[in-house]
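Colleague: Dropping the structure in here first, questions after.
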Amino acid sequence: MLPKAVDNSGTVVAIKCKDGVVMGVEKLIASKMMLPGSNRRIHAVHRHSGMGVAGLAADGRQIVARAKSEATNYESVYGEPIPVKELAERVASYVHLCTLYWWLRPFGCGVILGGYDRDGPQLYMVEPSGISYRYFGAAIGKGRQAAKTEIEKLKLSEMTCRQGVIEVAKIIYGVHDEAKDKDFELEMSWVCDESKHQQQKPFTTDSCHVYQVPEDLLEEAKTAAKAALEEMDAD
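Here you go:
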């Protein structure tokens with residue numbers, strides 16, 4: 000049942016471009032009464048990293064809280080931000096721990112972790128089993144197979160994050176099934192050279208922030224995605 004929570008969740012897409020990481024989420028709207036911006040699926044972990052969640056939102060928040068704790072503890076001990084690889088390994092170990100003992104249940108979510116450290120942009124995905132891999136592009140959720148196919152067509156090593164925002168929006172609009180799926184809200188975030196290796200404009204407040212791409216670029220991406228979808232339907 001728990002793996003189905005991930006498979007039935009809105010699609011999360013992330014790509015590593017030459018100057019940073021772009022992440023987008025197809026956040027399905029459970030009720031028309033919900034205010035825009037409710038129940039965020041992209042969260043901040045630290046100044047230089049963020050996390051997208053597919054599956055049970057409550058489980059995702061628990062993983063985000065653990066990741067924040069690991070990042071804060073590392074910086075307090077070593078005096079520098081935690082490398083994204085180290086953070087991914089610690090999160091994966093925590094997720095895997097919950098599969099080992101009968102009094103714990105596995106997490107009903109998977110997460111994509113993106114960030115920028117001394118080695119440049121980094122992108123990892125942690126599955127509910129605790130397996131973690133590094134990717135150029137990753138997708139999780141109900142539209143993951145179609146999204147992966149589209150990601151493989153992109154020349155990510157030549158693409159800037161500004162271009163990546165538009166491509167990720169196109170992918171998410173393309174994999175959304177209007178006939179079967181609920182309406183959705185597009186969430187997008189980045190960490191790149193343009194954002195000074197952090198992310199601009201906070202969604203939420205805490206010890207750190209989740210940041211989205213500039214509003215004008217987000218609207219441009221939505222317009223381009225809808226135009227591409229209409230062109231596809233016309234063909």
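Residue numbers (numbering that gives the first Met the number 0): 0 to 234.
For each residue, glycine too, the CB sits at the ideal point set by N, CA and C.
1. Measuring straight from C-alpha to C-alpha, what distance separates G136 and G78?
2. May I ask you to report which of helix, strand or coil DSSP gives D18?
3. How many Å lie between N72 and P80 at the Cα?
4. Would you report the Cα separation of R60 and K154, rounded to the nearest angstrom?
5. Could you give the C-beta distance for P127 and V94, rounded to a whole number, given that I count them as a contact under 8 Å?
6. According to the Cβ coordinates, are N7 and K179 closer than 8 Å?
7. Should the segment 36-52 be called in touch with the segment 212-221, which here means at least 3 C-beta pairs below 8 Å?
8. So which of S75, V212 and H42 has the shortest CA-CA distance to V63?
9. Just mark W189 as buried or exposed, buried being the case when its beta carbon has 16 or more other beta carbons within 10 Å.
10. Consult DSSP for R40 and reduce its assignment to one of helix, strand or coil.
11. Is M124 helix, strand or coil when you go by DSSP?
12. Within 10 Å of its beta-carbon, does T222 have 16 or more other beta-carbons around it, so buried, or fewer, so exposed?
13. How about Y115 and M124: are their beta carbons less than 8 Å apart?
14. Going by DSSP, which residues form a beta bridge with W189?
15. In the DSSP assignment, find the alpha helix (DSSP H) that holds D58 and state where it starts and stops.
16. What does the alpha-carbon distance come out to for the pair T203 and K3?
17. With 16 as the cutoff for other CB atoms within 10 Å, does I130 come out buried or exposed?
18. Output the residue ranges of the beta strand (DSSP E) runs that lie fully inside the segment 133-194 and measure 3 residues or longer, sorted by chain position.
19. Looking at the secondary structure, which residues open and close the alpha helix (DSSP H) in which L96 lies?
Modeller: The short version:
1. 30 Å
2. coil
3. 10 Å
4. 33 Å
5. 7 Å
6. no
7. no
8. H42
9. buried
10. coil
11. strand
12. exposed
13. no
14. V21
15. A56 to Y77
16. Bear in mind that a pLDDT of 39 at T203, under 50, signals an unreliable position, so the model cannot answer this.
17. exposed
18. 136-139 and 183-191
19. V83 to L96
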